[in-house]
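Working notes, beginning with the structure itself.
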Amino acid sequence: MADTFSLALTGRDATNPIPGIFAEARFAQGQTGGDLGPRRALILAPKTAAGAITVDTQIVQIQDEADAITQAGAGSPAHRMARAFFANNKNAEVWLLCPTAATGSAAVDKVTLTNTATANGVLSVWICGQQIDVAITTGDTATVIGDNLAQAINNQTHLPLTAGNSAGVVTLTGKIAGTDLNSVRFRAKITGTGIATTVTPTADTALGASGAGGAAVGAGTISYTSALATLLPRKFDVILAGSQEASPIDALMDQVTVQAEPSTGFRQKGYAGACLSPANAATLASGASLNRERIDLLNAEECPVEHYVLCAIVAGRYLTHNAGDPSYNFDGYGTKSGQVLLGLDRPVNDSALPTTAELKSMLNQGVTPIAYTDGGAPYIVRAVTSRCKSGSNFDYRVRDAHIVTVTDRFTADLVAKVAAAPWTKVTRDPTGNRPEPGPEFCTPRRMKALIEQLVSDYASAGWIDPARLGDIIAGTVVGQDPLVPSRLNTSVPLYAAILLHQHALLVKESSAAT
Numbered sequence: 005m006a007d008t009f010s011l012a013l014t015g016r017d018a019t020n021p022i023p024g025i026f027a028e029a030r031f032a033q034g035q036t037g038g039d040l041g042p043r044r045a046l047i048l049a050p051k052t053a054a055g056a057i058t059v060d061t062q063i064v065q066i067q068d069e070a071d072a073i074t075q076a077g078a079g080s081p082a083h084r085m086a087r088a089f090f091a092n093n094k095n096a097e098v099w100l101l102c103p104t105a106a107t108g109s110a111a112v113d114k115v116t117l118t119n120t121a122t123a124n125g126v127l128s129v130w131i132c133g134q135q136i137d138v139a140i141t142t143g144d145t146a147t148v149i150g151d152n153l154a155q156a157i158n159n160q161t162h163l164p165l166t167a168g169n170s171a172g173v174v175t176l177t178g179k180i181a182g183t184d185l186n187s188v189r190f191r192a193k194i195t196g197t198g199i200a201t202t203v204t205p206t207a208d209t210a211l212g213a214s215g216a217g218g219a220a221v222g223a224g225t226i227s228y229t230s231a232l233a234t235l236l237p238r239k240f241d242v243i244l245a246g247s248q249e250a251s252p253i254d255a256l257m258d259q260v261t262v263q264a265e266p267s268t269g270f271r272q273k274g275y276a277g278a279c280l281s282p283a284n285a286a287t288l289a290s291g292a293s294l295n296r297e298r299i300d301l302l303n304a305e306e307c308p309v310e311h312y313v314l315c316a317i318v319a320g321r322y323l324t325h326n327a328g329d330p331s332y333n334f335d336g337y338g339t340k341s342g343q344v345l346l347g348l349d350r351p352v353n354d355s356a357l358p359t360t361a362e363l364k365s366m367l368n369q370g371v372t373p374i375a376y377t378d379g380g381a382p383y384i385v386r387a388v389t390s391r392c393k394s395g396s397n398f399d400y401r402v403r404d405a406h407i408v409t410v411t412d413r414f415t416a417d418l419v420a421k422v423a424a425a426p427w428t429k430v431t432r433d434p435t436g437n438r439p440e441p442g443p444e445f446c447t448p449r450r451m452k453a454l455i456e457q458l459v460s461d462y463a464s465a466g467w468i469d470p471a472r473l474g475d476i477i478a479g480t481v482v483g484q485d486p487l488v489p490s491r492l493n494t495s496v497p498l499y500a501a502i503l504l505h506q507h508a509l510l511v512k513e514s515s516a517a518t
């Protein structure tokens, strides 16, 4: 206990002679950390003509799906990403930036009906995993059924396509041009006995790839160049890319990488979704366009929802958990109680379910794969960055995605603590019997003590490897710059917590012969 203790209360002069009991409650008095507010997520995806946002030049915060519809237009990739993200994350701060849609053509395909119905039944069409049912009544012609189907599809304004009927041929047309809607999947089926009416295609197919007359995949790759110029001075915790093409993702990550450098200090994370074959996803992730630590490529071949919706679903779940725990282990996420990837289902075709060999290949080449339980529930196999090579050599030092989130969080917390310190001057540590300098001076010893406390806090939280705590502290180097004495240099070796990925168990039944 101190013999004397001086205490100043706001608005109360200690020399005021009036008697009384005076109390004050102060908030935010503990040690400061980094930005503890909601994570800021940016959706980077095109809109339709109905959206109010100005393409390429405007960044707008959206509070819910209704805002996304107003700004991006119903059924646009941007709207559908926001719809999926809000379903999987209730706490993030969500913003929208819409690049100009690709110059080219929209994906087109057809649902074809033939023959007049001779019995009652139901026509079911699945688009983006959503089932749409249309009643068939005896005597309905293909034209009548087609009109009813087109109307039922168009009533679902959140879908990424529109429908029009001509004599039982229902044409499905993507709401935007370009390749972005080529991952839309659809199929049809008629249920009933003796109906006579038939429908194609019954097999699950990608929009534009059914082979029907006039069907064509979308053409034209989107460019992020103008939108990225608008994004340049703004920082978001995560950026959700709406493309699965190499060139726009490459442009985004070029900017993210440069912005993370000390001159700007915007440490951001990118996510992209893909509905590619395991081989093509591996090529994309490990190629020159990606192979970066600040982006995760999520892949589900023949995913019922589009690649950009897959991105929003998984990224939404990521932010739900690693906002509070940057070292959260997503192994098998979706297989345990309370873990649900809302809006995601298994592919229709068993051939699209990834094999063990394909999962291994994807993980080794920078892909975060989605797999499925025996009951069909989708789950994240393991969260990895696309950084898997140094040049042509495999390099897994930043394979686990949490290494990036832990390091970024630590860096932000360290910056915040240094900024909040009372130091306005710098000097070397006193030697011999020389007294400590005043509190306004930063010394290497004081800086190292601040770091030691932060490292200890991270170890206690389970975010860094506690076995390396001593190595981190011993390896931390602090000192005045020999050429610029007004600069204090600090180097901290960080070791993120090691996630438990595998158990190796050997059970040896060893009964004697009988």
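Take 5 as the starting number for the sequence shown in my numbering and just add one per residue. Using N, Cα and C, we set each Cβ at its ideal position, and we do this for glycine too. As the structure is a prediction and not an experimental result, all values here were calculated from the model.
Look at residue i and residue j and say whether their C-beta atoms are less than 8 Å apart.
i           : j           : result
residue 88  : residue 304 : no
residue 448 : residue 483 : yes
residue 384 : residue 334 : yes
residue 146 : residue 117 : yes
residue 98  : residue 65  : yes
residue 185 : residue 222 : yes
residue 219 : residue 364 : no
residue 127 : residue 194 : yes
residue 151 : residue 121 : no
residue 389 : residue 403 : yes
Taking the alpha helix (DSSP H) that residue i falls in, what are its first and last residues?
i           : result
residue 190 : Looking at the DSSP string, residue 190 is not in any alpha helix (DSSP H); the run it does join, the beta strand (DSSP E), is 189-195.
residue 259 : 250-263
residue 69  : 69-76
residue 287 : 282-290
residue 81  : 81-92
residue 389 : Segment: none, residue 389 is in no alpha helix (DSSP H) and carries neither H nor E.
residue 448 : 448-465
residue 155 : 146-159
residue 368 : 360-368
residue 478 : 473-479
When you compare each of the options to residue i by their alpha carbons, which one comes out closest?
i           : options               : result
residue 81  : 118, 129, 245 and 456 : 245
residue 349 : 333, 144, 374 and 363 : 374
residue 210 : 196, 500 and 183      : 183
residue 138 : 146, 156 and 132      : 156
residue 134 : 145, 192, 121 and 275 : 192
residue 295 : 490, 307 and 367      : 367
residue 506 : 396, 386 and 136      : 386
residue 231 : 214, 251, 107 and 256 : 256
residue 276 : 251, 73 and 264       : 251
residue 500 : 420, 406 and 511      : 406
residue 203 : 130, 270, 240 and 187 : 130
residue 397 : 413, 291, 489 and 363 : 291
residue 227 : 266, 102 and 309      : 102
residue 342 : 381, 199 and 85       : 381
residue 283 : 86, 421 and 362       : 362
residue 95  : 491, 323 and 72       : 323
residue 287 : 513, 455, 249 and 378 : 249
residue 67  : 48, 100, 79 and 57    : 100
Considering just the uninterrupted stretch of the beta strand (DSSP E) at residue i, what are its terminal residues?
i           : result
residue 273 : 273-278
residue 376 : 371-376
residue 313 : It is not in any beta strand (DSSP E) - residue 313 instead sits in the alpha helix (DSSP H) that spans 311-326.
residue 63  : 63-66
residue 169 : 165-170
residue 299 : 299-303
residue 350 : Unbroken run through residue 350: none, as it is neither H nor E.
Excluding the 5 residues preceding and the 5 following residue i in the sequence, name in chain order all residues of the same chain whose CB lies nearer than 8 Å to its CB.
i           : result
residue 77  : 51, 52, 53, 54, 55, 83 and 179
residue 268 : 262
residue 181 : 105, 106, 107, 108, 109, 110, 222, 223 and 224
residue 168 : 154, 174, 175 and 177
residue 8   : Its pLDDT being 47, under 50, residue 8 is placed unreliably by the model, and nothing is read from it.
residue 392 : 289, 290, 295, 368, 369, 370, 398, 399, 400 and 403
residue 272 : 239, 240, 241, 242, 243, 260, 263, 264 and 298
residue 518 : none
Who are the near neighbours of residue i in its chain, counting only those whose CB is closer than 7 Å to its CB and skipping five residues on each side?
i           : result
residue 5   : With a pLDDT of 35 at residue 5, under the threshold of 50, the predicted position of this residue should be treated as unreliable, and no value is reported.
residue 229 : 255
residue 270 : 239, 263 and 264
Does chain C have any CB closer than 8 Å to the CB of residue i?
i           : result
residue 329 : Protein chains in the displayed structure number just one, and chain C is not present.
Suppose the cutoff is 6 Å on Cβ atoms and the five residues either side in sequence are ignored; what does the same chain contact list for residue i look like?
i           : result
residue 354 : none
residue 441 : 431
residue 2   : One cannot answer for residue 2 here, as it falls past the ends of the chain, which runs 5 to 518.
residue 15  : none
residue 1   : No statement about residue 1 is possible, as the shown extent of the chain runs from 5 to 518 and does not include it.
- Item | Complete alpha helix (DSSP H) runs within the stretch 401-437 (minimum length 4 residues, chain order) | If we require 4 residues or more, the alpha helix (DSSP H) runs fully inside the stretch 401-437 come out as 406-424.
- Task: Enumerate, from N- to C-terminal direction, the unbroken beta strand (DSSP E) stretches of 3 or more residues contained entirely within the stretch 183-245.
- Result: Counting whole runs of 3 or more residues, the stretch 183-245 contains the beta strand (DSSP E) stretches 189-195, 202-204 and 242-245.
- Query: Mind pulling the beta strand (DSSP E) runs of 3 or more residues that sit fully within the stretch 105-151?
  - Reply: Those beta strand (DSSP E) runs which fall completely within the stretch 105-151 and span 3+ residues are 112-118, 125-131 and 134-140.
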